[in-house]
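Visitor: Could you have a look at this structure, given as structure tokens, before my questions?
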Amino acid sequence: MDLGKDRGLLPFTRTELECLRKCAMGKTDLQIGLELELTAGEVASVLNVVMLKLRVPNRLAGLAKAGRLGLVDQIDC
């Protein structure tokens, strides 16, 4: 998917976007993993890659930036 590339970011995979969106809904790594048939550790790794691609230091900053970019629904932090 080229959703990130259009914004000057590296492109995101479908799994990365799904994990990001579920994280934005407040789901834990374990919950996301159960839904996507991944381990909690794999989800954490995927989300770490997402944060690197978004060029942010942590998930909270990543969710805020993803909301501004329209990658996830706006959330109140």
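For the sequence shown, our numbering assigns the number 4 to the initial residue and increments by one for each residue that follows. Ideal Cβ placement from N, Cα and C applies to all residues, glycine included.
1. So, under 8 Å CB-CB, L89 and A27 are touching, yes? Tell me the CB distance rounded to an integer number of Å.
2. Short check: CB of L20 to CB of L72, under 8 Å?
3. Please state the DSSP three-state secondary structure of L13.
4. Go ahead and pull the three-state DSSP assignment for E42.
5. Report the three-state DSSP secondary structure of D76 (helix, strand or coil).
Guide: Looking at the atomic coordinates:
1. Any question about residue 89 goes unanswered here, given that the chain covers just 4 to 80.
2. no
3. coil
4. Checking the sequence, you will find Thr at residue 42 rather than Glu. T42 falls in the coil class under three-state DSSP.
5. coil
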